[in-house]
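Quick mapping for you: the protein sequence lines, in order, are chains A and B.
The first sequence begins at 10 in the working numbering and counts up by one.
The second sequence begins at 871 in the working numbering and counts up by one.
Cβ coordinates follow ideal geometry from the N, Cα and C atoms, glycine included.
A short worksheet on the structure shown next.
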Amino acid sequence: MRIKLLQNRVLLGRQSVSSTCTPLGSTMIHSLFLINSSGDIFLEKHWKSVVSRSVCDYFFEAQERATEAENVPPVIPTPHHYLLNVYRHKIFFVAVIQTEVPPLFVIEFLHRVVDTFQDYFGVCSEVVIKDNVVVVYEVLEEMLDNGFPLATESNILKELIKPPTILRTVVNTITGSTNVGDQLPTGQLSVVPWRRTGVKYTNNEAYFDVIEEIDAIIDKSGSTITAEIQGVIDACVKLTGMPDLTLSFMNPRLLDDVSFHPCVRFKRWESERILSFIPPDGNFRLLSYHVSAQNLVAIPVYVKHNISFRDSSSLGRFEITVGPKQTMGKTVEGVMVTSQMPKGVLNMSLTPSQGMHTFDPVTKLLSWDVGKINPQKLPSLKGTMSLQAGTSKPDENPTINLQFKIQQLAISGLKVNRLDMYGEKYKPFKGIKYMTKAGKFQVRT
Amino acid sequence: MSASSLGYNEQGGEAATEQGQEATPTTAPSVPAAFGLFSSDTKKNEDLKQMLESNKDSAKLDAMKRIVGMIAKGKNASELFPAVVKNVASKNIEIKKLVYVYLMRYAEEQQDLALLSISTFQRALKDPNQLIRASALRVLSSIRVPIIVPIMMLAIKEASADLSPYVRKNAAHAIQKLYSLDPEQKEMLIEVIEKLLKDKSTLVAGSVVMAFEEVCPDRIDLIHKNYRKLCNLLVDVEEWGQVVIIHMLTRYARTQFVSPWKEDGVLEEDNEKDFYESDEEQKEKDQKVKKPYAMDPDHRLLIRNTKPLLQSRNAAVVMAVAQLYWHLAPKSEAGIVSKSLVRLLRSNREVQYIVLQNIATMSIQRKGMFEPYLKSFYVRSTDPTMIKTSKLEILTNLANEANISTLLREFQTYVKSQDKQFAAATIQAIGRCATNISEVTDTCLNGLVCLLSNRDEIVVAESVVVIKKLLQTQPAHHGEIIKHMAKLLDTITVPVARASILWLIGEYCERVPKIAPDVLRKMAKSFTNEDDLVKLQILNLGAKLYLTNSKQTKLLTQYILNLGKYDQSYDIRDRTRFIRQLIVPNEKSGALSKYAKKIFLAQKPAPLLESPFKDRDRFQLGTLSHTLNTKAIGYLELSNWPEVAPDPSVRNVEVIELGKEWSVALGKAKKEKPTEKFYSDSEEEESASTTDTESESTSESEKEKNGKEEGSSMENSESSSEELSDSESESKEGSAKKKFKTTEESDSDDTEKKTKMISKKRESSGSSDSESSSTEESSSDSESESDSESDAESRKHKNAIASKVSSPIFVPMKTHELLHRMSGKGLAAHYHFSRQPCIYGNQMVSVQVTLTNTTDQKLENIHVGERKLPAGMKMHVFNPIEFLEPEESITVSMGIDFCDSTQTASFQLCTKEDHFNVNIQPPVGELLLPVTMSEKDFKTEQGMLTGMNETSTTITVAPQNSTRLVLLEKVVKAANLGVVPSGQDNIHRFSAKTVHSGSLMLVTVELKEGSTAQLIINTEKTVIGSILLRELKPVLSQG
């Protein structure tokens, strides 16, 4: 049934592609299709003449070839168009373009679209998009003009089209008012396009979260192959008026490579290593940084493992223990161990000393939700694996992926010195939080 | 199709109930889903029409929402056009917006009806509110109805002269739309583009360049006059516009400037060779190649102004700058982009994919750029396969003698990966490393042979194929391996692998004389069941054996040839016939059969194991064509550098005279100031301060002037740092605020004037000799705006110090303890050298002191008390601090004139109750201020500072210090030196001047073979020179 449908599509595709092709259609982004995991196009938007949705057949072909969603190539050429796609929240966002364009331009824009949806609706899922199709459409209309990005700052967008809230929906039904802002998008005209004007709060607060992630590969013997720290400073700023903030660090020289939100004054950073900016209203990422690889990275946890398959028997031994290493006296929590077991493993019978574990015999994914590590009583997971009889033992032991969190610690040692506000008279409430997380943290066994 | 329409009905129903209103409770949901197949569409549309015609806004809105829902689902709603278009003039803003959405979608199909809406837009185009004008233009131009082309044209023309930059921006967008609707308007549109290109607003810049790229990318002449302005506006343009402008300017620069690469050899291959050549040879070469190359200041301007954008959060912008540096910057400078590109690898999978592809192309040509980041390309088991293979590709490109052992260890892990496709790719990578790096060929081969006993067939097959290629490149005695592989024939089933083994045995049959015939016997038995690929190789093997060992194999071969004769595949029948004629002697066989042996057993050239990214560099990096490795529609070729630069004066802009004072002031400013927009208050003051300095021609006063200006710029930053420390001072805040708030209009006016003045300046510099332009070049990277000697000066004083104090290169701050909190009774003090020119006097070193109160009480009246300074030394203390709250810290700055000596400055740090004796002893490296100069100037200066003024020593350099980046970093960390761009890879030059006397300090590090290096320091201040030499020695020799 499905195959037949697909063939139909292909046929259709050939016909209509040749008919809809315009000779001069040089627009950056021509159309956008949203496709769910089962291959249904549930939203389409065109910024110029309509491109038949049958163009997506080429995408479906590529998808079938790739077997897994994450292996679908981001750029797919077709005879008359190019399909650039991003895959997020189980949705493919497929942009159709006709001519040469920097691919990152389109990809970055698509990610920005997803971020905006997330910002608007809290989550970005098929159901939510379908439920809010009108708002989605209005937002997309504002984001691109003739295929070229127009307003991508969510602050400006929110001024133009108010995000739906339960309260507003109720109010709208009663009063007949709308989501569309009646103000005009003055933000687009100002020199501070990321901040809306006339912001007012009764409680003025500015919170900064310094979040660092450790990316590491640890080898069999426990030594570090590569480790680096990537950090971000996420801010939630709710301040009245036009505040001008400066944020300084105790040790700015730790930061090796940084990228800024457009609001940060680059010159000031260059000369004084101070972050000086007029913040956008609400949540935004102020800064992401990389801590230079020269500095040794403290690895806060270790994994002891003993995973063995024997050639003769159909049983294998499995044992892992997780323990804290360099944690600067903080507790390691939210520990989660996942591992992709080899295909030959039929089932596992394991007993954890704490937490919950699951093994999916179909995907062969083992996951163990450990929780907090108590240094006095190290969590461990022991047991046996039953292997497919008759097959030889797998030649590679599985890789262990680790997740964890450490509150109130920035593992690089980065510290915010002070935060000052200029330009407004009130005293804001300021807060800074540190957190260290595992990024892509792998232990090879 | 029907299934999806069914789906829609359900969905639409839901949506309607969700957002819908009580006014229409019975419409949508009441239609049964099954009914929806045929009739419901028309029926539903009927009630939509009714709703649209009702006089209640809520009903209309509801209807419009449902219609938009239909459009989103890709359903046809065109028949509602008449009903919808009536609402175009609705007062309700949301209805209006949704009608616009509808119009843009269907106007093309319903052209006549669409005309009904035009008058509404025409009226709106005259609205006093700029936003309404803009949106009217936007919608009007989005309606693709050919009849209204003249109206659109008129509207665009008017809008392009609108006072509001936002409307002008929309006009630029409309140009592209009109062009795609009616290409005949091209000429008129180009006129509008020309006009808009002159626009000074950052809002317009990105959009108009976009229009330019679409309508007339070949009209490069339109850019000339706007080039400098675009370069200067770039930082303030919105991010998407930046990408477009950077790509356009890259193309522009390639047509207008001469290649900056000539210095380091025209071809990259040459360059690599240079590295291994001995020094003499290199010098010779240098002399040969050395044509005076001076970078066009406009070229430099572009490179400099794009650099900050590497810090953008937008991956597309970073990539755009990276490709600009790749295609335009001197090779020594392109390296700065690698760090930012590596940063992008943290991003989403799609971004990673594109970036990795570009890095792969770059890493083939310039390994050095990414070598320091080798580990960032290590593969994680969770990466998608396409990311894994791209990373592997880069790792292979980066492999060299030094890192190959680490890499091979890493590859071993990959080979065992559960992702077999990736494991196979790894084996290929190992093969490539083995051919490229001869030291490891044997190791790799052994490793691959081990893999032959792997359990996974794909791995074994891939190994066989790679081993085959390796053996071919290394036709040594590998009989053992061939024997081993012959055994594999019994087990392995993958055709490619079987074919490879057979080919090997045939090719080297003389090395395995006993096995080969036996293999042929076995294959003869299984011939009929083999894959075509294998059959061909069996025929090959037979033929070769027949020629070398016909006694044993004659019959076997004949048997196989007979089998082949009746094979199903005509390829095989063909080959059989061919071989039979060639090898079996008979009457008819011609002269060729005599040479059969030579033909079959000729020495075959070894296959080249090359990167698949080898020829991708024919495309501009960062483009779609590069990603696809084929030319995409609309790809614009990047032209080669011209041999001779076209006339640079075309970029000059005519100046309107603006009063004498201004022109004097700005005429002196040599470098272009980046646009004074939102963030540039400090520069403004600075340029103002230049007004009162008279131009004098002695080098002495020149220096002084430098000092003054630096002073003024520092004063500015000082005042802001005071604000920082003292948040209570309202008045200062107010003034700072005012600076920011300068209205856009006047601000951009200013900019306008300045750019004009500056360009006038450039006109004169363009006509001056190459000498002056080379000094211009030397100002290259310096971010500081303080260099303002006039051209005339530098020409008069060819031998005077033609260099400027540049901003220091950023190094990790080294803090020294001034007062420990224990001995300071809770007052702790640290100091560091800010490496900035001191604001208190140009002979002083600027010292930043951080005071921290670690007690739980307020410390009051912190100040500097008695000073004990050696003769000649001076000190400028910080203003007393009234109080310091517990746990608070404050940073203050001081200036100390050390008289170019490392003598200690002792003084007392006092609080209200106590006083503590403290000392500051400067490291010699901090007594310097970096200056920038060109390589040529450096050499001239060095030539004058020989003999007594030269100190040198030979040192051993730690291996990890021998790369350029590390070495530069180490040296600059140790001493405040400026880096001089160097044409040779093994010579690094640094320059600085002493703070007190301003004498030049020239440092040369020349790397020699065998990890030694010659360290030379030329300076008049021999004492300082020798101390510096002593200090630099351990820096370079230790890891």
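Own chain residues within Cβ distance below 7 Å of residue i, not counting five before or after
{"i": "B/Y1378", "result": "I1352"}
{"i": "B/S1907", "result": "I1825, T1826, V1827 and A1828"}
{"i": "B/P1178", "result": "V1105"}
{"i": "B/A1230", "result": "S1260, E1263, I1264, N1267 and F1483"}
{"i": "B/E1147", "result": "The predicted model places B/E1147 with a pLDDT of 45, which falls under 50 and marks its position as unreliable; any figure quoted below should be read in that light. There are no such residues."}
Reduced DSSP category for residue i - H, G, I as helix; E, B as strand; rest coil
{"i": "B/M1239", "result": "helix"}
{"i": "A/Q457", "result": "A question about residue 457 of chain A goes unanswered here, because the residues of chain A that appear run from 10 up to 454."}
{"i": "A/C245", "result": "strand"}
{"i": "B/I1857", "result": "strand"}
{"i": "B/E1890", "result": "coil"}
{"i": "B/E1527", "result": "Per-residue confidence for B/E1527 stands at a pLDDT of 40, beneath the threshold of 50, marking its modelled position as unreliable; the derived number appears in the next sentence. Coil, per DSSP."}
{"i": "A/K391", "result": "strand"}
{"i": "B/H1348", "result": "coil"}
{"i": "A/I308", "result": "coil"}
{"i": "A/R97", "result": "strand"}
{"i": "B/H1496", "result": "helix"}
Proximal chain B residues relative to residue i, where beta-carbon distance stays under 7 Å
{"i": "A/H120", "result": "N1218"}
{"i": "A/V110", "result": "L1494"}
{"i": "A/T408", "result": "S1251"}
{"i": "A/K391", "result": "Neighbours of A/K391 on chain B: none; closest Cβ ~23 Å, over 7 Å."}
{"i": "A/D154", "result": "R1008 and H1043"}
Own chain partners of residue i with C-beta closer than 8 Å, once the 5 adjacent residues on each side are dropped
{"i": "A/L324", "result": "T393, M394, S395 and L396"}
{"i": "A/W278", "result": "V267, F269, L284 and S285"}
{"i": "B/K1290", "result": "D1326, I1328 and V1329"}
{"i": "A/G48", "result": "F69 and Q72"}
Residue i: contacting residues in chain A (beta-carbon distance under 7 Å)
{"i": "B/S1182", "result": "S268"}
Within chain B, the residues that residue i reaches when beta carbons sit closer than 8 Å
{"i": "A/E168", "result": "The premise fails here: A/E168 is roughly 11 Å from chain B at the closest Cβ pair, so nothing lies under 8 Å."}
Buried/exposed call for residue i, threshold 16 Cβ in 10 Å
{"i": "B/Q1298", "result": "buried"}
{"i": "A/D9", "result": "Because chain A is modelled from 10 through 454, residue 9 of chain A falls outside the range shown and cannot be assessed."}
{"i": "B/I1017", "result": "exposed"}
{"i": "B/A1004", "result": "buried"}
{"i": "A/F327", "result": "buried"}
{"i": "A/M337", "result": "exposed"}
Same chain, Cβ closer than 6 Å to residue i, neighbours up to 5 away in sequence not counted
{"i": "A/T408", "result": "Q451 and R453"}
{"i": "A/Q127", "result": "C133"}
Chain A contact residues for residue i, given Cβ-Cβ distances below 9 Å
{"i": "B/G1795", "result": "Within 9 Å Cβ-Cβ: nothing; B/G1795 doesn't reach chain A, min ~16 Å."}
Partner residues on chain A for residue i, Cβ-Cβ distance less than 8 Å
{"i": "B/P1016", "result": "Those within 8 Å of B/P1016 in chain A number zero; the least Cβ separation is about 13 Å."}
Pairing CB atoms from the segment 1491 to 1507 of chain B with CB atoms from the segment 105 to 120 of chain A, are three or more of them under 8 Å? yes
Does the pairing of the segment 953 to 966 of chain B with the segment 922 to 941 of chain B give three or more beta-carbon distances under 8 Å? yes
Are the segment 153 to 168 of chain A and the segment 199 to 217 of chain A touching, with three or more C-beta to C-beta distances below 8 Å? Contact between the segment 153 to 168 of chain A and the segment 199 to 217 of chain A is present: 3 or more CB-CB pairs across the two stretches fall below 8 Å.
Counting Cβ pairs, one atom from each stretch, are 3 or more of them under 8 Å apart for the segment 1875 to 1893 of chain B and the segment 1736 to 1748 of chain B? no
Under 8 Å: do the segment 1845 to 1852 of chain B and the segment 1683 to 1701 of chain B share three or more Cβ pairs, one atom per stretch? no
Tell me, please, whether the segment 1215 to 1229 of chain B touches the segment 1251 to 1259 of chain B by the rule of three or more beta-carbon pairs shorter than 8 Å. They touch, by the three-pair rule.
Inter-stretch contact (C-beta, 8 Å, three-pair minimum) for the segment 257 to 266 of chain A and the segment 242 to 249 of chain A: Result no; under three Cβ-Cβ pairs closer than 8 Å.
Does the segment 368 to 378 of chain A come close enough to the segment 414 to 433 of chain A that 3 or more CB-CB pairs lie under 8 Å? no
Does the segment 1440 to 1455 of chain B touch the segment 1410 to 1418 of chain B, meaning 3 or more C-beta pairs lie closer than 8 Å? With the cut-off at 8 Å, the segment 1410 to 1418 of chain B and the segment 1440 to 1455 of chain B touch.
Using 8 Å as the threshold, is the segment 1775 to 1784 of chain B in touch with the segment 1730 to 1740 of chain B, meaning 3 or more CB pairs across them? yes
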